[in-house]
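In the working numbering, the protein residues as written are 124 to 234.
Please read the structure below before turning to the comments.
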Amino acid sequence: MVWVSDEELHQIAEFLDEPVGGVKIEHTKLFAGRRTLKDFANGDCTFFDPEKRGCTIYPVRPIQCRTWPFWESNLESEAEWEDLKRECPGAGQGNFFSLEQIEAEAAKIQI
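Dropping the structure here:
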């Protein structure tokens, strides 16, 4: 589930130059009383472009996406991080982040 706030929905709609109501109908659903982005049967978000292998709303993606993979649940232990790296080949790759940067990202959202 990628949780999305009303503010994030407005940002997405503005980015797409579409009405908020249309974005809400086309790309979100209610789950457990909260709004989440829809996904396809394979688990990909409706904003994921499978050909380009990227997010079509990347500049305005929800905070849950912006803070990945630095969620508390992924940082609980070295074993959790190693499990994540097996599941997501991009985890542990790319730019170096200091411990302070990682902790700041993890503090932005509780997942």
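Backbone N, C-alpha and C define an ideal beta-carbon position, used for all residues, glycine too.
query = When the Cα of residue 143 is compared with those of 154, 156 and 131, which residue comes out closest?
reply = As a working note, residue 143 is residue 20 in the sequence shown. That would be 131, whose Cα lies nearest to the Cα of residue 143.
inquiry  = Can you check which of these residues, 126, 136 and 182, is closest to residue 157 by C-alpha distance?
reply    = In the sequence shown, the residue the question calls residue 157 occupies position 34. Of the candidates 126, 136 and 182, the one whose C-alpha sits nearest the C-alpha of residue 157 is 126.
ask   = CA-CA distance, residue 221 and residue 172?
value = Within the sequence shown, numbered from 1, the residue matching residue 221 stands at position 98. Within the sequence shown, numbered from 1, the residue matching residue 172 stands at position 49. Looking at the two C-alpha atoms, the distance is approximately 30 Å.
task = Determine the burial state of residue 150: buried for a count of at least 16 other Cβ atoms within 10 Å of its Cβ, exposed for fewer.
result = Looking up residue 150 in the sequence shown gives position 27. It counts as buried.
task = Using 10 angstroms around the beta-carbon of residue 160, count the other beta-carbons present and answer buried if the total reaches 16, otherwise exposed.
result = Here the question's residue 160 lines up with position 37 in the sequence shown. Looking at its Cβ environment, which holds 16 or more other Cβ atoms inside 10 Å, residue 160 is buried.
task = Grab the span of the alpha helix (DSSP H) containing residue 138 for me, first residue to last.
result = Looking up residue 138 in the sequence shown gives position 15. First-last of the alpha helix (DSSP H) with residue 138: 129–139.
request  = Could I get the ranges of all uninterrupted beta strand (DSSP E) runs contained in the stretch 151–198, with 3 residues as the minimum, in chain order?
outcome  = 151–154 and 157–160
query = Going by the beta-carbon positions, is the gap between residue 190 and residue 232 smaller than 8 Å?
reply = Sequence index remark: in the sequence shown, residue 190 carries index 67 (1-based). Sequence index remark: in the sequence shown, residue 232 carries index 109 (1-based). With respect to the 8 Å criterion, residue 190 and residue 232 are classified as neighbours on the basis of their beta carbons.
key: C-beta atoms of residue 183 and residue 138 nearer than 8 Å   = Residue 183 sits at position 60 when you count from the first residue of the sequence shown. Residue 138 sits at position 15 when you count from the first residue of the sequence shown. Yes, the Cβ-Cβ distance between residue 183 and residue 138 is below 8 Å.
request  = Counting only the same chain and skipping the five closest in sequence on each side, list residues whose C-beta sits under 6 Å from that of residue 215.
outcome  = Translated into the one-based positions of the sequence shown, residue 215 becomes position 92. Closer than 6 Å at the Cβ level, and outside the excluded window around residue 215, lie 208.
task = Return yes when the Cβ of residue 196 is within less than 8 Å of the Cβ of residue 234, no when it is not.
result = Residue 234 sits at position 111 when you count from the first residue of the sequence shown. Residue 196 sits at position 73 when you count from the first residue of the sequence shown. It is a contact, given that the beta carbons lie within the stated cut-off.
ask   = Can you tell me the Cα-Cα spacing of residue 180 and residue 211, whole angstroms?
value = Numbered from its first residue, the sequence shown carries residue 180 at position 57. Numbered from its first residue, the sequence shown carries residue 211 at position 88. Cα to Cα, the separation comes out at about 20 Å.
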